[in-house]
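Contents: one structure, followed by commentary.
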């Protein structure tokens, strides 16, 4: 019998929490926290996430790369969801972090943001939802798109 340092249930829950940081409920909640500081920043943040999502969707629908665990491809949404490249979860959190760091370039935000991006990227790999290139390109798409939008808005 193999003993694991971390029980499977705790490992699974931790990975799901990490992945949650790359989902709409997380970034909408984060946007609500930004609202009292600057409406313009909140609008920029949401615009960056929406554009990042659109860029990821277009790439996914054009490339149609299989996930490590293949999924059905019956509807247009299935086509999007079944495609692995790039990781939209990683792109979203990278987008979120980039806007906040661009607005508040403090070392604590930079380190916290980098940790969040790495956590989401790791969770997508550990859950066998993506390959390494997917999360790397996802992070690049999120960062590049958001910084372009931030500089356009500010």
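In our numbering, the protein residues as written are 63 to 216. No residue lacks a Cβ here, since even glycine has one placed at the ideal position from N, Cα and C.
Among the residues of its own chain, which have a CB less than 8 Å from the CB of residue i, if the five just before and after it don't count?
i, result
"residue 96", "103, 104, 107, 162"
"residue 80", "181, 182, 184, 185"
Expressed to the nearest angstrom, what Euclidean distance is found between the alpha-carbon atoms of residue i and residue j?
i, j, result
"residue 184", "residue 82", "12 Å"
"residue 168", "residue 158", "15 Å"
"residue 98", "residue 132", "43 Å"
"residue 174", "residue 69", "26 Å"
"residue 71", "residue 179", "23 Å"
"residue 94", "residue 101", "10 Å"
"residue 142", "residue 130", "15 Å"
"residue 166", "residue 172", "9 Å"
"residue 75", "residue 87", "17 Å"
"residue 125", "residue 119", "10 Å"
"residue 127", "residue 73", "27 Å"
Buried or exposed: residue i, going by 16 or more other Cβ atoms within 10 Å of its Cβ?
i, result
"residue 152", "buried"
"residue 146", "buried"
"residue 114", "buried"
"residue 190", "exposed"
"residue 91", "exposed"
Which residues in the same chain as residue i place their Cβ atom closer than 6 Å to its Cβ, once the five residues preceding and following it in sequence are excluded?
i, result
"residue 196", "146, 147, 148, 149"
"residue 192", "146, 149, 186"
"residue 144", "133, 135"
"residue 156", "179, 201, 204, 205"
"residue 140", "134"
Between which residues of its own chain and residue i is the CB-CB distance below 7 Å, once the five residues before and five after are set aside?
i, result
"residue 89", "111, 154, 158"
"residue 217", "This structure cannot settle anything about residue 217, because the visible part of the chain is limited to 63 through 216."
"residue 209", "160, 164"
"residue 211", "106, 109, 110, 113"
"residue 194", "187"
Taking C-alpha atoms, which residue in the options lies nearest to residue i?
i, options, result
"residue 77", "199, 188, 216, 215", "188"
"residue 215", "73, 109, 86", "109"
"residue 177", "140, 84, 199", "84"
"residue 199", "122, 73, 74", "122"
Point to revise | Segments assigned alpha helix (DSSP H), at least 4 residues, entirely inside the segment 111–176 | key: 138–144, 150–165
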